[in-house]
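So the sequences go chain by chain: A and B. Just so we're aligned: 90 in the numbering used here is position 90 of the first sequence, and the numbers increase by one with no gaps anywhere. For the numbering used here, add 1000 to where a residue sits in the second sequence, where the first one is 1. In what follows, a single structure is set out as structure tokens and then discussed.
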Amino acid sequence: MRSVDLGVAAGLVAMALVCALGNLWVAAARSTIPLSLGFEVDGKVCLHEKHPGIDDTCLLRLKDRAELQVDKALFDALRPGDGLSKARFDRTLGTSHGPVALAWSPDFVGLSIVMPIAVALAALVAWRAARATRRARGSADERRAG
Amino acid sequence: MTEGAEAKGETAGGAGPGGDSRRVPGPVVLAGLAPLAVAGLYLLFLGHRSDYPGHFLAGFGATLGMQGICLLLCPRRLVAAWVGPIAIGGAIACVGGGACLEGTVFRYSIFDPIDFFNQSLGAAFAGLAFLSAAGAGRPSTPVLRAGVLLAFATLAAGFFYAFR
């Protein structure tokens, strides 16, 4: 495999890695566990997607007009007017009506198993492709030289 | 493989010149089975979210199909030189196209970054599959047929799982 194709294979594995990390970060952030929070909930809205009740988009509207997408369990535990506060990686969210325990969502748990395997498979495919192509091109060069 | 076929830039899709052009080489089989294995893992560990493997498979199938069309349009003598650009450029173009579709046609509530990342992950696997099949030159007919079948089947399965 020429160095340019090796770069392409490495680039595609890097793309897979970025997508896997992006998936994990977005799913983790919806639990708010990795976030540092300090704001008041102005309102909340649950928008339906393709599968109502399964892939709903649960949004908290904040006082500064920003929106934060959270897991359904957390969405149900909060009320408009709640003041929220927590430090990064705290497993408890302080609210105006008492602490709320935070947990990783089933989505994050599942993705944390699937994503590392997917990236490892992508790396394996890239390595096998690189090895096979190098051999094939080496044979072709030998035939031409012979 | 005949000398004529080699002169046209044909190989057995990774088996290399002189390989048996009637069979699909191991690295190509691995590259085709890997995304199916990932889709199986999605269903096993995220069975409640069938839209995740749906987006992954649709991203894989659409990208592989687009790269296949580029390969067919590419002059034979340029295949070896263009494989890399088609693999990475096609994947990036399909990631961009997927982002546009996710933000417009398939936008039900908000732009969902997880849907986008899943379909982009599929595009990366398609780029690797394309590189495995065409890295040494124009793939053999069985590899091309298997690629077309895989692209259509995964695209259809992707829509099935995303919308069922």
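Note that beta-carbon positions come from the ideal geometry of N, C-alpha and C, so glycine has one too.
Pairing G1135(B) with V1083(B) gives a Cβ-Cβ distance under 7 Å. Only residues of its own chain outside the window of five on either side were considered, and among them A28, R88, F89 have a CB closer than 7 Å to the CB of P34(A), listed in chain order. Put simply, the backbone Cα of D71(A) is about 24 Å away from that of A1039(B). Short of 6 Å from the beta carbon of I1086(B), and not among the five residues preceding or following it, lie these beta carbons of its own chain, in chain order: Q1067, C1070. For the stretch 1093-1112 of chain B, the set of residues with a beta-carbon nearer than 9 Å to any beta-carbon of chain A comprises V1095, F1106, Y1108, S1109, I1110, D1112, in chain order. The straight-line gap separating the alpha-carbon atoms of T95(A) and L78(A) is approximately 8 Å. Closest in C-alpha terms to P1113(B), from the list L93(A), L21(A), V41(A), comes L21(A). Measuring C-alpha to C-alpha distances from S36(A) to each of L84(A), A66(A), H97(A), L47(A) identifies L84(A) as the nearest. Look at A101(A) here: in three-state DSSP terms it is strand.
Close partners of K44(A) in chain B (Cβ separation under 9 Å) are lacking, with about 14 Å as the shortest Cβ gap. Taking a Cβ-Cβ threshold of 7 Å, the residues of chain B close to P106(A) are H1048, in chain order.
At the C-beta level, G1122(B) and A1133(B) stay beyond 7 Å of one another.
DSSP lists no beta-bridge partner residue for R135(A). Three or more beta-carbon pairs separated by less than 8 Å are not found between the stretch 3-13 of chain A and the stretch 98-113 of chain A, which leaves the two stretches without contact.
The beta carbon of V41(A) sits no closer than 7 Å to any beta carbon of chain B. Taking C-beta atoms as the reference points, P1027(B) and R128(A) count as a pair closer than 7 Å.
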